[in-house]
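*Asks:* What follows is a structure written as structure tokens; I'll ask about it next.
2 protein chains.
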Amino acid sequence: MARYPGLTLRVLASGPPAMGPGKAALISHIERTGSISGAARAMGMSYRRAWQLVEALNDSFDEPVVVTAIGGRRGGGAQVTAFGLELVKIYRRMEDRASAAITADLRWFARRQRKPARSGTSTR
Amino acid sequence: MARYPGLTLRVLASGPPAMGPGKAALISHIERTGSISGAARAMGMSYRRAWQLVEALNDSFDEPVVVTAIGGRRGGGAQVTAFGLELVKIYRRMEDRASAAITADLRWFARRQRKPARSGTSTR
DNA sequence: CGGCGCTATATTCAACTGGATATAACGAAA
DNA sequence: TTTCGTTATATCCAGTTGAATATAGCGCCG
Chain L
2 MARYPGLTLR
12 VLASGPPAMG
22 PGKAALISHI
32 ERTGSISGAA
42 RAMGMSYRRA
52 WQLVEALNDS
62 FDEPVVVTAI
72 GGRRGGGAQV
82 TAFGLELVKI
92 YRRMEDRASA
102 AITADLRWFA
112 RRQRKPARSG
122 TSTR
Chain F
2 MARYPGLTLR
12 VLASGPPAMG
22 PGKAALISHI
32 ERTGSISGAA
42 RAMGMSYRRA
52 WQLVEALNDS
62 FDEPVVVTAI
72 GGRRGGGAQV
82 TAFGLELVKI
92 YRRMEDRASA
102 AITADLRWFA
112 RRQRKPARSG
122 TSTR
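Protein sequence lines correspond, in order, to chains L and F. Quick note, the first sequence lines up with residues 2 to 125 if you use the working numbering. Quick note, the second sequence lines up with residues 2 to 125 if you use the working numbering.
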């Protein structure tokens, strides 16, 4: 799920994150499957949660990220807007750039992280 | 608290984040106050939580980040190790670099984020 | 016109999280 | 030897989160 091991990038608005790895993945899955429920299934996520994320996305920006349709041939569906696609594209680019900017430091971290398997190390 | 508005950087190990803005701030406060409890107070954080974060930090790396002393003149205290100081320094550098690498994109986000005050916008 | 699949939404419940609180241990200093 | 502030830890409780479940509404298509 994490495209760049060791890095998590979150874009904040005022308050809760407007964009992060989870939402980016969700949008891509919606684009691919044509529905929120399909994306949720593909990601092993509850429909409720997926729907809430879509709602949060649409609330976060001027333009809608995902538009939905109720009823119809396939029961309805969801479609990623051009804006939504651009959103993901730019987010991915941010991941690329941020990752590239800190690869050296990430290696520093990786080098001194303790890897041992966890057992009863911490609490006493 | 967020040094770079719009950006949150988290460094992941295997599982929970090994380093993030909260831990970085905590370390700095420990360095300044000389104790975990002092840092917790300064940050409006419960001692329990602060102590847990310190424990997590020390468990995350080869070398200790914070060393503690029990009892004594001032009841004990905590000290940030040289490694801990380097850890923060490098983390801050990562923030700098990542931030610089995506400022243009962050502006793109800022430009189309919806700012309106929240009321009953979302749920219906 | 009935069924299907999906959006939309409410409700309930379990798990997790973190705060509040209490207490023990500790060791230097008064 | 008493006092003091801190580390270290357990216990309890409230708030939050998200999963599970249920249900309604919708519109095309057979």
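A virtual CB, placed ideally from N, CA and C, is assigned to each residue, including glycine.
#1: For Glu32 of chain F and chain L, any beta-carbon pair shorter than 8 Å?
#2: Compare the C-beta of Val89 of chain L against all C-beta atoms of chain F and say whether one is closer than 8 Å.
#3: Can you list, in chain order, the residues of its chain with a C-beta nearer than 7 Å to that of Lys24 of chain F? Leave out the 5 residues immediately preceding and following it.
#4: Along chain L, which residues have their Cβ under 8 Å away from the Cβ of Trp109 of chain F?
#5: In whole angstroms, what separates the C-alpha of Met20 of chain L from that of Tyr92 of chain L?
#6: For the putative contact between Thr9 of chain L and Arg11 of chain F, defined by C-beta atoms under 8 Å, what is the C-beta separation to the nearest angstrom?
#7: Establish whether the CB of Ser61 of chain F and some CB of chain L are separated by less than 8 Å.
#8: Taking DSSP's pairing of strands, which residues face Ile37 of chain F in a bridge?
#9: Using a Cβ-Cβ distance under 8 Å, would Gln114 of chain F count as near chain L?
#10: Do the region 92-111 of chain L and the region 56-71 of chain L touch if we need at least three Cβ pairs shorter than 8 Å?
#11: Checking the sheet assignment: what are the DSSP bridge partners for Val67 of chain L?
#12: Do you know whose CA, among F:Arg98, F:Ser38, F:Arg112, lies nearest Gln80 of chain F's CA?
#13: Flag Ala79 of chain L as yes if its beta-carbon sits less than 8 Å from any beta-carbon of chain F, otherwise no.
#14: Counting C-beta neighbours from all protein chains within 10 Å, is the total for Glu96 of chain L 16 or more, i.e. buried, or is it exposed?
#15: Exposed or buried, what is Ala83 of chain F when buried is set at 16 or more other beta-carbons lying within 10 Å of its beta-carbon?
#16: Anyone know if the C-beta pair for Ser61 of chain F and Ala14 of chain F falls short of 8 Å?
#17: Near Arg50 of chain F, what residues of its chain come up, given a Cβ to Cβ distance below 8 Å and the 5 sequence neighbours on each side ignored?
#18: What is the rounded straight-line gap between the Cα of Trp52 of chain F and the Cα of Arg33 of chain L?
#19: Using a Cβ-Cβ distance cut-off of 8 Å, determine whether Thr9 of chain L contacts chain F.
#20: Rounded to a whole number of angstroms, what is the C-alpha to C-alpha distance between Ala111 of chain F and Ser47 of chain L?
#21: List the residues of chain L whose Cβ lies closer than 9 Å to the Cβ of Val68 of chain F, in chain order.
#22: Going by Cα to Cα distance, which pick from L:Pro22, L:Pro18, L:Gly16 is closest to Gly7 of chain L?
#23: State the DSSP-derived secondary structure class of Arg119 of chain L, mapped to helix, strand or coil.
#24: Is there a Cβ of chain L sitting closer than 8 Å to that of Arg98 of chain F, yes or no?
*Replies:* Inspection of the coordinates gives the following:
#1: no
#2: no
#3: Leu54, Leu58
#4: Ile91
#5: 8 Å
#6: 4 Å
#7: Output row for Ser61 of chain F: interface = yes.
#8: In the DSSP output, where bridge partners are listed per residue, Ile37 of chain F has none listed.
#9: yes
#10: no
#11: L:Val81
#12: Nearest option by C-alpha distance: F:Ser38.
#13: no
#14: buried
#15: exposed
#16: yes
#17: Same-chain partners within the cutoff: Ala41.
#18: 45 Å
#19: yes
#20: 30 Å
#21: What Val68 of chain F touches in chain L, judged by beta-carbon distance under 9 Å, is nothing: the nearest beta carbon there is about 16 Å away.
#22: L:Pro22
#23: For Arg119 of chain L, the predicted structure reports a pLDDT of 39, less than 50, and the residue's modelled location is therefore unreliable. The matter cannot be settled from this model.
#24: yes
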